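Engineer: In our numbering, the protein residues as written are 15 to 467.
The C-beta atom is built at its ideal place from N, Cα and C for all residues, glycine as well.
Source: prediction; values computed, not measured.
To start, I am sharing the structure in question, which I have written as C-alpha cells.
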Ligand code: ATP
Ligand code: MG
C-alpha cells in the first residue's frame, strides 16, 4: 500500500476522552472512530488488524477440528424464552421489536441458537463429537462502556460450542479448547494466562478465563509467579489425543491462578511468599463446560449405541477478538506509539522515502516495495511529500515491526537502513539483504499460510 493513496487519518493531538493508552493510540493511529457510546467504526488500519486476528483464530480452530458457521446477529426472543434466558439476561440484552411487533434481540452470545441448529439436524451419537463456532458481532448494553473497544457495547467475538455424548468427551473438548486458545494467543504475541473463574450467567462449574496481565485490566487476579514462566512454544499437538490435551491443561492450570471471585486466601497463603502475586488482568477469553443445561431445556438429545435418548453435554468458548486489539496494545507499546507483534501487524514493513522527488530514491523504494510484495508481504510505503520527521513519527505511531529508510546518501553506498520498531536497533545493509531478512522473520511467523475458506 502507498500511503498517499491510503486512508490513515492519524491524529496529532491526544484525544482527551481516552483514559487508557490502547484507546489513545487506536484513536491517534486512525484505527477506530467512535460512533456512539461503546460503538465504533473500524477504519482501514484497525480493520486490517481485526482480520489478522480473525485469521489466526480460524486457523487454530480448524486445526483443532472445529467447524466454522455464521449465525444471525438478530435472533428471535422465542428461542431465548425456551432456555429461560430471555428474562434472566437483564438490561445487558438489547431488545428490539420488528414491524409485526415480534420480539427480537441483538445476540449477546449464541448458546440457544446453536442448540437449535443442533437439535434440528443431529439425532445420533454417531455424529458426535461436534464443535461449531463463529466469529460474529455481539451486543451487550454495558452499563459503563469504556476503554475504547476493550469494553464496548458492540464487540467482535469468536464463540464456539461443543456437543458431546458424555461428560468425559465434553471435558476433552474443554481441554482441546484450552490448548487451542493457548496457541492462538501466543501467535498473537500475547501471554494470556488461564485462570479459574466464576461462570456467571452462562452457568456451569468448570470454567477458565484467559487473562493478559496489565495495569489497566478490569479484573483482579491472584497467581503463583511461576505461571508467567509457562510458554506454549512450538509444540506439535494431536487434538484427538485425550491424554496429551489433558497433560497440557494440567501443566497450564495446576499452579495457583484465579480471578477474584474464585480466589482462596488459605490456599494462596500456602505458596512461598515471594511467589504470591496479585495484579490486574484483561479478560481476553473464557471457556466453559456446562453439561446438559441447554440441551435438556431445549430438547437436544441423541440416541446412544443402545438407542436410548441422551441429552448432549455441551460447553461454550469465547475469545474477545476486538478487545484483544486493546490488550495487545496495552502489552506492547512505548511513548511513541504501538509496537505490533509480527503475527498480527497490519503491514509487515514500512518504507520511508527520505527524499520524495529524488529519482534514485523513488526507484529504490519501488524496487523494495515490489520485492516484498512478490514474497507475499505487505509493505506500507510512505511516499507522501512530507518531511522525514513526520514520516518517522507516523511509522512509530502505527507500530509496524520493521522500517526501511531509503535516502540518496545511503544509496550512494549501496545501502538502506533497516530498523526494528521494538528494539530501535538500525543497520545499514544492501536492499536485497534487507528484503531477505524481513522475509526470513515473517516466514517464522507463518504469514500468509492460511486462507480461510
Ligand atoms: P466481562 O467479564 O469482561 O464483562 P464476560 O465474561 O461477560 O466479559 P464472555 O461472555 O466470557 O464475557 O465473552 C467472551 C469474551 O468476549 C470475553 O472473554 C471478552 O474478551 C469479550 N468481551 C465480553 N464483553 C465484552 C465487551 N463489552 N467488549 C469487548 N469485549 C468483550
Ligand atoms: Mg467471561
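CB residue 202 to CB residue 67, shorter than 8 Å?
Structural biologist: Position 188 of the chain shown holds residue 202. Position 53 of the chain shown holds residue 67. Against a cut-off of 8 Å, the Cβ pair of residue 67 and residue 202 comes out as a contact.
Engineer: Classify residue 435: buried if its beta carbon has 16 or more other beta carbons within 10 angstroms, exposed otherwise.
Structural biologist: Your numbering for residue 435 matches position 421 in the chain shown. Residue 435 should be labelled buried.
Engineer: Assign residue 279 to buried or exposed, taking buried as 16 or more other Cβ atoms, counted over all protein chains shown, within 10 Å of its Cβ.
Structural biologist: For this step, residue 279 is matched to residue 265 along the chain shown. Result: exposed.
Engineer: Give me the residue from 71, 41, 97, 78 with the minimum Cα distance to residue 307.
Structural biologist: In the chain shown, the residue the question calls residue 307 occupies position 293. Nearest of 71, 41, 97, 78 to residue 307, Cα basis: 97.
Engineer: Do you know whose CA, among 161, 169, 144, lies nearest residue 155's CA?
Structural biologist: If you number the chain shown from 1, residue 155 lands on position 141. The shortest Cα separation from residue 155 among 161, 169, 144 belongs to 169.
Engineer: Would you call residue 145 buried or exposed, if buried means 16 or more other Cβ atoms sit within 10 Å of its Cβ?
Structural biologist: The residue labelled residue 145 in the question sits at position 131 within the chain shown. Its Cβ being crowded by 16 or more others within 10 Å, residue 145 is buried.
Engineer: Can you tell me the Cβ-Cβ gap for residue 444 and residue 429, rounded? I've got them flagged as a contact below 8 Å.
Structural biologist: Position 430 of the chain shown, counted from the first residue, corresponds to residue 444. Position 415 of the chain shown, counted from the first residue, corresponds to residue 429. Contact holds; Cβ gap of about 6 Å.
Engineer: With 16 as the cutoff for other CB atoms within 10 Å, does residue 287 come out buried or exposed?
Structural biologist: Residue numbering aside, residue 287 sits at position 273 when the chain shown is read from its first letter. Answer is exposed; the Cβ neighbour count stays below 16.
Engineer: Measuring CA to CA, which of 180, 105, 151 is closest to residue 317?
Structural biologist: Your numbering for residue 317 matches position 303 in the chain shown. Here the closest residue by C-alpha is 180.
Engineer: Who pairs with residue 220 in a beta bridge, going by DSSP?
Structural biologist: Translated into positions along the chain shown, residue 220 becomes position 206. DSSP lists 303 as the beta-bridge partner residues of residue 220.
Engineer: DSSP three-state label for residue 200, please.
Structural biologist: The count along the chain shown starts at 1 and reaches residue 200 at position 186. Helix, per DSSP.
Engineer: With a CB to CB cut of under 7 Å and the five nearest residues on each side skipped, what residues in its chain are close to residue 325?
Structural biologist: Translated into the one-based positions of the chain shown, residue 325 becomes position 311. Result list for residue 325: 306, 309, 310, 314, 315, in chain order.
Engineer: Skipping 5 residues on each side, what residues in its chain have a beta carbon closer than 6 Å to that of residue 467?
Structural biologist: What you label residue 467 is simply residue 453 of the chain shown in a count that begins at 1. Bear in mind that the predicted position of residue 467 carries a pLDDT of just 46, short of 50, making it too unreliable to give a figure here.
Engineer: Taking three-plus beta-carbon pairs below 8 Å as touching, is the region 286-302 in contact with the region 186-203?
Structural biologist: yes
Engineer: Look at the alpha carbon of residue 173 and the alpha carbon of residue 148, and state the distance between them as a whole number of angstroms.
Structural biologist: If you number the chain shown from 1, residue 173 lands on position 159. If you number the chain shown from 1, residue 148 lands on position 134. Going by the C-alpha atoms only, they are around 6 Å apart.
Engineer: Could you compute how far the alpha carbon of residue 44 sits from the alpha carbon of residue 410?
Structural biologist: Within the chain shown, numbered from 1, the residue matching residue 44 stands at position 30. Within the chain shown, numbered from 1, the residue matching residue 410 stands at position 396. Answer to the nearest angstrom: the Cα atoms are 13 Å apart.
Engineer: Alpha carbon to alpha carbon, how far is residue 107 from residue 89?
Structural biologist: If you number the chain shown from 1, residue 107 lands on position 93. If you number the chain shown from 1, residue 89 lands on position 75. Rounded to the nearest angstrom, the two C-alpha atoms are 11 Å apart.
Engineer: Does DSSP classify residue 324 as helix, strand or coil?
Structural biologist: In the chain shown, the residue the question calls residue 324 occupies position 310. Residue 324 falls in the strand class under three-state DSSP.
Engineer: Rounded to whole angstroms, what's the CA-CA distance from residue 245 to residue 366? Just pull it up for me.
Structural biologist: Walking along the chain shown from the start, residue 245 turns up at place 231. Walking along the chain shown from the start, residue 366 turns up at place 352. Approximately 36 Å, taken between the alpha carbons.
Engineer: Is any heavy atom in the ligand ATP found nearer than 7 Å to the beta carbon of residue 156?
Structural biologist: Sequence index remark: in the chain shown, residue 156 carries index 142 (1-based). Yes; taking the cut-off as 7 Å, the Cβ of residue 156 has a heavy atom of the ligand ATP nearer than that.
Engineer: Have a look at 285, 134, 350, 191 and flag the residue whose alpha-carbon is nearest the alpha-carbon of residue 75.
Structural biologist: Start at 1 with the first residue of the chain shown, and residue 75 comes out as number 61. Closest option to residue 75, Cα to Cα, is 191.
Engineer: If you reduce the DSSP assignment to three classes, tell me which class residue 113 lands in.
Structural biologist: As a position in the chain shown, residue 113 is number 99, starting the count at 1. Three-state result, residue 113: coil.
Engineer: Taking the alpha-carbon positions, what's the residue 282 to residue 177 distance?
Structural biologist: Here residue 282 is taken as the residue at index 268 of the chain shown, counted from 1. Here residue 177 is taken as the residue at index 163 of the chain shown, counted from 1. About 35 Å.
Engineer: Can you list, in chain order, the stretches of the alpha helix (DSSP H) that have 4 or more residues and sit fully within the region 352-421?
Structural biologist: 373-388, 402-412
Engineer: Where do the N-terminal and C-terminal ends of the alpha helix (DSSP H) with residue 456 fall, by residue?
Structural biologist: Within the chain shown, the letter at position 442 stands for residue 456. From DSSP, the alpha helix (DSSP H) with residue 456 extends over 445-458.
Engineer: In angstroms, rounded to a whole number, what distance separates the CA positions of residue 35 and residue 391?
Structural biologist: In the chain shown, counting from the first residue as 1, residue 35 sits at position 21. In the chain shown, counting from the first residue as 1, residue 391 sits at position 377. Taking the straight line from one Cα to the other gives about 29 Å.
Engineer: Thinking residue 419 and residue 433 are a contact (beta carbons under 8 Å), I'd like their distance in whole angstroms, please.
Structural biologist: Mapped onto the chain shown, residue 419 falls at position 405. Mapped onto the chain shown, residue 433 falls at position 419. 7 Å between Cβ atoms; contact.
Engineer: Leaving out the 5 sequence neighbours to the left and right, which residues in its chain are closer than 8 Å to residue 212 when beta-carbon positions are compared?
Structural biologist: Counting from 1 along the chain shown, the entry for residue 212 is found at position 198. Taken in chain order, the residues that qualify are 221, 273, 275, 276.
Engineer: Taking residue 174 as part of the alpha helix (DSSP H), name the residues at either end of that continuous run.
Structural biologist: Against the chain shown, residue 174 aligns to sequence position 160. Going by DSSP, residue 174 is part of no alpha helix (DSSP H) but of the beta strand (DSSP E) stretching over 168-178.
Engineer: In whole angstroms, what is the alpha-carbon distance linking residue 14 and residue 382?
Structural biologist: Because the chain is modelled from 15 through 467, residue 14 falls outside the range shown and cannot be assessed.
Engineer: Answer with yes or no whether the minimum CB distance from residue 238 to chain D is below 8 Å.
Structural biologist: The structure shown contains no chain D, having only a single protein chain.
Engineer: Smallest Cα separation from residue 403: which of 423, 368, 329, 136?
Structural biologist: Within the chain shown, the letter at position 389 stands for residue 403. Of the candidates 423, 368, 329, 136, the one whose C-alpha sits nearest the C-alpha of residue 403 is 368.
Engineer: Is DSSP giving residue 127 helix, strand or coil here?
Structural biologist: Mapped onto the chain shown, residue 127 falls at position 113. Three-state DSSP puts residue 127 in a helix.
Engineer: Given residue 165, which residues of its chain have a CB within under 8 Å of its CB, disregarding the five upstream and five downstream residues?
Structural biologist: Along the chain shown, one-based indexing puts residue 165 at 151. For residue 165, where only same-chain residues beyond five positions count, the Cβ hits under 8 Å are 52, 156, 158, 159, 232, 337.
Engineer: Of the choices 123, 208, 440, 384, whose alpha-carbon is the least far from that of residue 449?
Structural biologist: Taking the first residue of the chain shown as 1, we reach residue 449 at position 435. Each of 123, 208, 440, 384 was checked against the Cα of residue 449, and the nearest Cα belongs to 384.
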